[in-house]
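Residue numbers (this note's numbering), protein chains in the order written: chain A, 59 to 509; chain B, 3 to 438.
What follows is the structure, encoded as structure tokens:
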């Protein structure tokens, strides 16, 4: 950093080709990674707020607020003729935002010559978003339709219930989309309060990856984000902890559908915990590829169409989940027993060294592919920021390399216990599509304009 | 400011394109990314070539390529790939068998070797076929739960006769046909249709072409030839829509319903009217700032998503335009009215010069963005190759978009859209009103 604006920043550290700076005036964190492969850049703002910061009555607020953030801000809005979507999409930007348990992110993947426009828009809406009630009302039904689309899918419903059953006190209990009645009834004032609590530069990280030059990027960030003040309050911490689970939990969901799904979850440590890496290796051994234990014992036998092991690292303690999509007419109990027997086998006898090495090779290749394109890098950093340490992304492979078969056996013994488990079945009770073609009814002429 | 490497020269000039062995074309592009290679390829042998007696044969033949060869057990092959973190997937598309692979640079010879063996010498064991059939039937049955799949299936059945490539085979027929497939069907299909001739492979990333060529020679030399061609001489036409038709696919326990509205257009993607019509639909419903999302979603709050686009336009087929959106069942009526209002306005009044200019920038900018990964580049190169275009088209496409005139766009909108003869399909837990 050599330009005049260098006094405004404090260099924090570098790791894996990524450099971290702090904008001293307001506490904004900046991550930069130059890559001139293509004339394209990804600009992303990650707010350290997600659905874990919600509670009953305003579940889904982080996500609803994310939608309202596209409805305009002081300098970018319909009235001025430059609404956010139009300003960005008209220059060819891929633009969107996502909300999850631990974070909310807004991003633009765009031709690099337009980087400043993305920076200007994100800076403007960080503290100057409109958040009007007349915008919330139509957006509520939009979000409700997003919720309804999710509810259409039996897996989505099973997954929500797994988390809601496994976590009772901790806010991971509710999904990011929230409960329907909260989506419908949360007030604009509550959303604004949420915004005025969490949307500040000192609770955000700006990530720029791709075709840019560091000094110029820092100058642009300073020009647009520099005038924003930090919060006058400290950002609230989530202090709710999940009480110890003292026995297995089970549930069944019955509705129209075609084939059962089984979900078996066990409490898992937070993503930065040292045991989390061994659990990542274990999930590869159990469920990744044809060589995996569950593929051979379940899918290859025609008992299931697919298996999915879910072990995403989160800020707080999470879940290690095996989802099995059964072929029709296979009893869920039969497959549940295979899963649990395999867990016991690993707890007793451990895994093979060749399984460990194969898992590491797959993770290594996946990590290499995660560097294909600026958006992919930025989105991986986004999840690491949510965990509380962006270097999780750059040091991940090194930590995976240290995992041994003894450690994998130990984490299986520590976490895959019945008393820490939550098991859910989706059971189809009627066909979703009664009698196929017979369900289709012709309504000739009904929709004809002018007739 | 340092210049990006791809900005310094056109992409096409860096592409190497040539026949490695007779009937095997390989196109490669070395990019600055280190160590990784994205590979994809295709050849004729997809769904449309299934025998008339069983619509599932082409797809299951492709699925079984991953279930072991005459030389090696499926788990031996999987272990070889997974030990180095590589993957190969093979599936049947509408016309072409498609494959994709991802691997580190050092593992290219291994991946090509296994790919060649899987394509040339599949085992088609009965013991592997039975669970494959169970899994496929399970997937097909599970697809009955999906409102979007059911809506599009009914829509295509309304538009096309059964022998048209764009027709969607009924899910119950697919299940029945899948249950009847025998290993002898697969062996016969493979023997008759798989081989060199129209095979294209694209490799992008940290590519050393000489390594590829050597590996291809070893793995594919001596493979027989495929006699398959695409018949462009007299394609079967879409049904003639004489009056509006509305179909309701009633499903249980669905909180969101899908609506599809559209018509056949009678042209394919190589027709001179295609790009003007495509950009017209982009203005109507191509992205978030397009008319339908700006009104039906953003202003009226009726849907999470609604879009407008063209489909079924490959290989000389007379395609269709469609609008697709999701609505709560109780908002379906309002959603349909809102959609029709925008559709009619679009047809009656056309689009503006300002809208056209904005979408030209959107499409060309997005195009540039999609070329920023090895996967995006490989997709584009493969599409150009399959369409029989010169590789220079990868650089010329933006100019082609920019040359489209407003008068032409509005002319084709009116020519290919008749709001008095629309096909409507909705799928979900919907109360049917009116003339049942």
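Just so you know, even glycine gets a beta-carbon here, dropped at the ideal spot from N, CA and C.
Beta-carbon gap between residue i and residue j smaller than 9 Å
i, j, result
"residue 233 of chain B", "residue 326 of chain B", "no"
"residue 120 of chain A", "residue 252 of chain A", "yes"
"residue 112 of chain A", "residue 232 of chain A", "yes"
"residue 101 of chain B", "residue 92 of chain B", "yes"
"residue 60 of chain B", "residue 70 of chain B", "no"
"residue 15 of chain B", "residue 376 of chain B", "no"
"residue 223 of chain B", "residue 23 of chain B", "yes"
"residue 17 of chain A", "residue 104 of chain A", "Nothing can be reported for residue 17 of chain A, as the shown portion of chain A is limited to 59 through 509."
"residue 251 of chain B", "residue 427 of chain B", "yes"
"residue 479 of chain A", "residue 307 of chain A", "yes"
"residue 145 of chain B", "residue 158 of chain B", "no"
"residue 321 of chain A", "residue 477 of chain A", "no"
Proximity test, Cβ basis, 9 Å: residue i and chain A
i, result
"residue 8 of chain B", "In this predicted model, residue 8 of chain B has a pLDDT of only 44, less than 50, meaning its place in the structure is not dependable; the value taken from the coordinates is given anyway. Yes - at least one Cβ of chain A is within 9 Å of the one on residue 8 of chain B."
"residue 15 of chain B", "no"
"residue 180 of chain B", "no"
"residue 285 of chain B", "no"
"residue 306 of chain B", "yes"
"residue 370 of chain B", "yes"
"residue 127 of chain B", "no"
"residue 3 of chain B", "Reliability fails at residue 3 of chain B, whose pLDDT of 37 lies under 50, so the model's placement of it is uncertain and no value is given."
"residue 354 of chain B", "no"
"residue 80 of chain B", "yes"
"residue 290 of chain B", "yes"
"residue 83 of chain B", "yes"
"residue 214 of chain B", "no"
Residue-chain proximity (residue i, chain B), Cβ-Cβ < 9 Å
i, result
"residue 277 of chain A", "no"
"residue 347 of chain A", "yes"
"residue 94 of chain A", "yes"
"residue 190 of chain A", "no"
"residue 232 of chain A", "no"
"residue 317 of chain A", "yes"
"residue 430 of chain A", "yes"
"residue 144 of chain A", "yes"
"residue 138 of chain A", "no"
"residue 156 of chain A", "no"
"residue 172 of chain A", "yes"
"residue 358 of chain A", "yes"
Heavy atom of the ligand NAP within 8 Å of residue i beta-carbon
i, result
"residue 371 of chain B", "The ligand content of the structure shown is nil, which means the ligand NAP is not present either."
Counterpart residues of residue i in DSSP-defined beta bridges
i, result
"residue 169 of chain A", "A/98"
"residue 466 of chain A", "Bridge partners of residue 466 of chain A: none, in fact."
"residue 159 of chain B", "Partner(s): none; residue 159 of chain B has no beta bridge."
"residue 203 of chain B", "B/28, B/43"
"residue 100 of chain B", "B/44, B/93"
"residue 366 of chain A", "A/381"
"residue 480 of chain A", "A/307, A/323"
"residue 86 of chain A", "A/81"
"residue 71 of chain A", "A/78"
"residue 429 of chain B", "B/251, B/260"
"residue 18 of chain B", "B/30"
Per-residue burial, residue i [other beta carbons within 10 Å of its own, 16 or more giving buried]
i, result
"residue 403 of chain A", "exposed"
"residue 69 of chain A", "exposed"
"residue 416 of chain A", "buried"
"residue 310 of chain A", "exposed"
"residue 245 of chain A", "exposed"
"residue 84 of chain B", "buried"
"residue 173 of chain A", "buried"
"residue 390 of chain B", "exposed"
"residue 109 of chain A", "buried"
"residue 72 of chain A", "exposed"
"residue 433 of chain B", "exposed"
Minimum Cβ-Cβ distance from residue i to chain D less than 9 Å
i, result
"residue 404 of chain B", "Reference to chain D is not applicable here, since the protein chains of this structure are A and B."
At a cut of 8 Å, does the segment 266 to 281 of chain B reach the segment 416 to 432 of chain B through at least three beta carbon pairs?
-> yes
Given 8 Å as the limit, is there contact between the segment 357 to 367 of chain B and the segment 305 to 314 of chain B, that is, 3 or more CB pairs closer than that?
-> No, they do not touch.
Please confirm if the segment 289 to 297 of chain A is in contact with the segment 435 to 451 of chain A, defined as three or more CB-CB distances below 8 Å between the two stretches.
-> no
Looking at C-beta atoms only, is the number of pairs between the segment 211 to 230 of chain A and the segment 95 to 104 of chain A that lie closer than 8 Å three or more?
-> Two segments are said to touch when three or more pairs of C-beta atoms, one from each, lie closer than 8 Å; by this definition the segment 211 to 230 of chain A does not touch the segment 95 to 104 of chain A.
Evaluate contact between the segment 321 to 340 of chain A and the segment 417 to 428 of chain A, counting only Cβ atoms and requiring at least three cross-stretch pairs below 8 Å.
-> yes
Would you check if the segment 238 to 252 of chain B and the segment 282 to 294 of chain B touch, i.e. whether three or more CB-CB distances between them fall below 8 Å?
-> Proximity of the segment 282 to 294 of chain B to the segment 238 to 252 of chain B falls short of the contact definition, fewer than three beta-carbon pairs being nearer than 8 Å.
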